[in-house]
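Trainee: Using the numbering used here, you'd call the opening residue of the sequence shown number 302 and step up by one each time.
All C-beta atoms in this analysis are idealised placements derived from N, C-alpha and C, irrespective of residue type, glycine included.
Keep in mind it's a predicted model, so treat the numbers as computed, not measured.
There's a structure below that I have some questions on.
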Amino acid sequence: MTLAGVAARVGSSGLASAELCPSAARSARFPDGLVEAGRGVAGAWLEGDVEKIDVVVIGAGQAGLSSAYFLRRFGLDPLVLDAAEGPGGAWRHRSPTLTMDKVHGVFDLPGSRREQEADGERPAAAVVPAYYASYERDLGLEVLRPVEVSAVTRGPGERLTVTSGAGEWAARAVVNATGTWTRPHWPYYPGARDFRGRQLHYAAYRGPEEFRGRRVVVVGGGNSAAHVLSELAGVAAATLWVTRRPPVFRGDDFGESARREAVALVEQRVRAGLPPQSVVAVTGLGYTTVVREALEKGALERLPMFARLTPDGVAWADGAEAAADTVIWATGFRSALSHLAPLHLREPGGGIAVDGTRVLAEPRLQLVGYGPSASTIGANRAGRTAARNVRDLLATAAEAA
């Protein structure tokens with residue numbers, strides 16, 4: 302599941318002639334495999350093997366691109382590092398059967414409007430990456446890929462050092478937008494190693510045909526589970542839907558005040574340093590196209606969570622058993638933040654305390670796409686907030702200098 306970076310560095314002879322031009326320096330240092338879009342970054346220069354720069358954005362999904370857009374609006378020129386081979390963020394990896402008319406909430410990137418009417422039956426894994434690619438080109442954003450950041454550390458001169466297999470950058474501020482897709486959450490249950498069938502996470506789901514005639518247990522209470530169950534209806538020999546808690550279906554009257562309340566609950570958790578819940582976990586399941594289809598097919602008949610897996614299925618604490626040869630874990634994702642571990646940001650509660658997007662333990666770091674900003678519309682708002690925080694941080698530092 303991990304997207305690997307590419308090691309591409311050259312010797313000092315390649316750096317000597319490039320020190321006066323940051324964009325030329327970057328081209329000299331990353332000649333093989335890295336794709337560079339846009340132009341040189343203002344305010345960047347080389348010191349040894351480390352390039353000094355004002356702002357680095359890690360990740361080029363919705364949150365990362367939104368942050369880069371607003372940073373540009375505020376007069377800054379960010380460098381965006383992306384671990385993927387091409388544009389699109391997590392959308393590149395979605396099932397080809399997930400079409401745009403089934404996607405819940407793909408919002409326009411800031412400063413752009415996507416033509417939506419003709420996209421309905423096209424795979425989201427094709428439409429959204431193409432949209433992101435055109436956005437990067439139109440804005441002239443500088444995105445280096447594939448570059449996987451391995452560590453962010455506190456460096457000299459009030460800077461954060463961003464380390465990757467492709468080089469190092471000393472940034473005055475970092476906006477982290479690495480999302481969750483590369484860290485699927487797969488809970489452990491007794492008997493998992495003894496189960497003789499197939500187990501996979503939703504991240505690896507590519508459509509219903511490979512499960513034709515199979516007996517499938519789908520675990521999870523969100524839209525991903527509803528997507529799988531809807532597609533497996535009439536294809537699999539049998540399906541069981543199990544969740545830890547009874548699902549809550551919210552009505553169509555879920556208005557703006559209810560949305561604000563849900564976001565506030567998620568923000569309260571992350572401000573207290575607790576691991577974030579998704580907004581969906583707070584709001585319940587909406588009657589999206591996928592959920593409606595699953596309900597119409599009778600696919601959302603829920604059972605309580607099983608206690609263990611058996612060699613040939615699953616079993617509950619009361620002794621009941623069900624035969625199965627496939628278990629699909631639609632159990633969500635966790636924030637991909639291992640590269641931030643050297644900063645020691647975790648609170649005793651297990652989360653990272655943030656105020657909006659600003660990390661309380663490290664004000665030079667912004668987290669977007671984390672907690673309440675994990676949704677696409679939330680990512681746009683978070684991008685603006687993060688960019689404003691970075692602008693204010695750099696302005697304050699300049700006044701103090």
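(1) Mind reading off the beta-carbon distance from residue 287 to residue 609? Whole number of angstroms is fine, and I expect it under 8 Å.
(2) Assign residue 689 to one of three DSSP states: helix, strand, or coil.
(3) Buried or exposed for residue 447, please, with buried defined as at least 16 other CB atoms from any protein chain shown within 10 angstroms of its CB.
(4) So within the stretch 568–637, which uninterrupted alpha helix (DSSP H) runs reach at least 4 residues, ignoring any that extend past its ends?
(5) Are the beta-carbon atoms belonging to residue 573 and residue 663 less than 9 Å from one another?
(6) Is the CB-CB distance between residue 602 and residue 531 below 9 Å?
(7) Output needed for residue 691: all residues of its chain with C-beta closer than 8 Å, excluding positions within five of it in sequence on either side, in chain order.
(8) For residue 249, does the count of other Cβ atoms within 10 angstroms reach 16, so buried, or fall short, so exposed?
(9) Whose C-alpha, out of 427, 457 and 370, is nearest the C-alpha of residue 438?
(10) Tell me residue 487's beta-bridge partners as DSSP assigns them.
(11) Give me, in chain order, the residues of the same chain whose beta-carbon lies closer than 7 Å to that of residue 392; leave out the 5 immediate sequence neighbours on both sides.
(12) So, is residue 600 buried or exposed, given that buried needs 16 or more other C-beta atoms within 10 angstroms?
(13) If you run the structure through DSSP and keep just helix, strand and coil, what is residue 448?
(14) Can you list, in chain order, the residues of its chain with a C-beta nearer than 6 Å to that of residue 597? Leave out the 5 residues immediately preceding and following it.
(15) Return the Cβ separation of residue 354 and residue 472 in integer angstroms, given the expectation that the two are a contact with Cβ distance under 8 Å.
(16) Which two residues bound the contiguous beta strand (DSSP E) that contains residue 469?
(17) Whose CA, out of 398, 469, 495 and 589, lies closest to the CA of residue 627?
(18) How would you write the range of the alpha helix (DSSP H) that residue 532 sits in, first residue to last?
(19) Suppose only complete runs of 4+ residues qualify. What are the alpha helix (DSSP H) ranges in the stretch 381–466, listed by chain order?
(20) By the three-class DSSP mapping on this structure, what secondary structure does residue 371 have?
(21) Quick check on DSSP: helix, strand or coil for residue 516?
(22) In chain order, what residues of the same chain lie with their CB nearer than 6 Å to the CB of residue 686, ignoring the 5 residues before and after it?
(23) If we ignore side chains and look at the alpha-carbon of each, how far apart do residue 682 and residue 481 end up?
(24) If the criterion is Cβ atoms closer than 9 Å, does the pair residue 640 and residue 351 meet it?
(25) Relative to the alpha-carbon of residue 410, which residue among 382, 396 and 440 has its alpha-carbon at the smallest distance?
(26) Take the Cβ of residue 340 as the centre, count every other Cβ of all protein chains shown within 10 Å, and call the residue buried at 16 or more, exposed below.
(27) Would you identify the three-state DSSP class for residue 648, choosing helix, strand or coil?
(28) Can you give me the start and stop residues for the beta strand (DSSP E) that residue 502 sits inside?
(29) So, for residue 698: in the same chain, excluding its five sequence neighbours on each side, which residues have a beta-carbon less than 8 Å away from its beta-carbon?
(30) Taking its Cβ as the centre, do 16 or more other Cβ atoms sit within 10 Å of residue 550, making it buried, or is it exposed?
(31) May I have the straight-line CA-CA distance separating residue 606 from residue 621, to the nearest angstrom?
(32) Near residue 538, what residues of its chain come up, given a Cβ to Cβ distance below 7 Å and the 5 sequence neighbours on each side ignored?
Mentor: Reading off the structure:
(1) Here the chain comprises residues numbered 302 to 702, so residue 287 is not present and cannot be evaluated.
(2) Residue numbering aside, residue 689 sits at position 388 when the sequence shown is read from its first letter. Note: residue 689 maps to helix in three-state DSSP.
(3) Reading the sequence shown from its first residue, position 146 is the one you call residue 447. Burial call: buried.
(4) 580–584 and 590–597
(5) Locating residue 573 in the sequence shown gives position 272, where the first residue counts as 1. Locating residue 663 in the sequence shown gives position 362, where the first residue counts as 1. Contact flag unset, no.
(6) Taking the first residue of the sequence shown as position 1, residue 602 is located at position 301. Taking the first residue of the sequence shown as position 1, residue 531 is located at position 230. Contact: no.
(7) Reading the sequence shown from its first residue, position 390 is the one you call residue 691. Excluding residues within five positions, the ones whose Cβ falls inside 8 Å are 356, 372, 375, 377, 474, 476 and 667.
(8) Nothing about residue 249 can be reported from this structure: the residues present for the chain run from 302 to 702 only.
(9) If you number the sequence shown from 1, residue 438 lands on position 137. Nearest of 427, 457 and 370 to residue 438, Cα basis: 370.
(10) Walking along the sequence shown from the start, residue 487 turns up at place 186. BP columns for residue 487 are empty, so no partner.
(11) Here residue 392 is taken as the residue at index 91 of the sequence shown, counted from 1. 425, 426, 429 and 430, listed in sequence order.
(12) In the sequence shown, counting from the first residue as 1, residue 600 sits at position 299. That one is buried.
(13) In the sequence shown, the residue the question calls residue 448 occupies position 147. Looking at residue 448 - three-state DSSP - the assignment turns out to be coil, as it is neither helix nor strand.
(14) Locating residue 597 in the sequence shown gives position 296, counting from the first residue. Cβ within range, chain order: n/a, list empty.
(15) As a position in the sequence shown, residue 354 is number 53, starting the count at 1. As a position in the sequence shown, residue 472 is number 171, starting the count at 1. The pair is a contact, with the Cβ atoms about 5 Å apart (cut-off 8 Å).
(16) The sequence position of residue 469 within the sequence shown is 168, counting from 1. From DSSP, the beta strand (DSSP E) with residue 469 extends over 468–477.
(17) Position 326 of the sequence shown, counted from the start, is the residue given in the question as residue 627. Nearest C-alpha to residue 627: 495.
(18) Stepping through the sequence shown from its first residue, residue 532 is reached at position 231. Residues 524–533.
(19) 425–440
(20) Within the sequence shown, residue 371 is the residue found at index 70, counting from 1. Helix at residue 371.
(21) On the sequence shown, position 215 is the one that residue 516 refers to. Looking at residue 516 - three-state DSSP - the assignment turns out to be strand.
(22) Your numbering for residue 686 matches position 385 in the sequence shown. Hits under 6 Å: 657 and 658.
(23) For the purposes of this step, residue 682 is identified with residue 381 of the sequence shown, where counting begins at 1. For the purposes of this step, residue 481 is identified with residue 180 of the sequence shown, where counting begins at 1. Residue 682 and residue 481: Cα-Cα distance of roughly 18 Å.
(24) To locate residue 640, count along the sequence shown from 1; it is residue 339. To locate residue 351, count along the sequence shown from 1; it is residue 50. No; because the gap between Cβ atoms is not below 9 Å, this pair is not in contact.
(25) The residue given as residue 410 occupies position 109 in the sequence shown. When each option's Cα is compared against that of residue 410, the closest is 440.
(26) What you label residue 340 is simply residue 39 of the sequence shown in a count that begins at 1. Summary for residue 340: the model assigns pLDDT 38, below 50, so the residue's position carries little reliability, and this model does not support an answer.
(27) One-based indexing of the sequence shown puts residue 648 at position 347. Coil, per DSSP.
(28) Walking along the sequence shown from the start, residue 502 turns up at place 201. That run of the beta strand (DSSP E) goes 499–502.
(29) The count along the sequence shown starts at 1 and reaches residue 698 at position 397. Contacts found: 459 and 473.
(30) Within the sequence shown, residue 550 is the residue found at index 249, counting from 1. The residue in question, residue 550, is exposed, as its Cβ has fewer than 16 Cβ neighbours within 10 Å.
(31) For the purposes of this step, residue 606 is taken as the residue at position 305 of the sequence shown. For the purposes of this step, residue 621 is taken as the residue at position 320 of the sequence shown. Those two C-alpha atoms are separated by around 12 Å.
(32) For this step, residue 538 is matched to residue 237 along the sequence shown. Same-chain partners within the cutoff: 514, 515 and 516.
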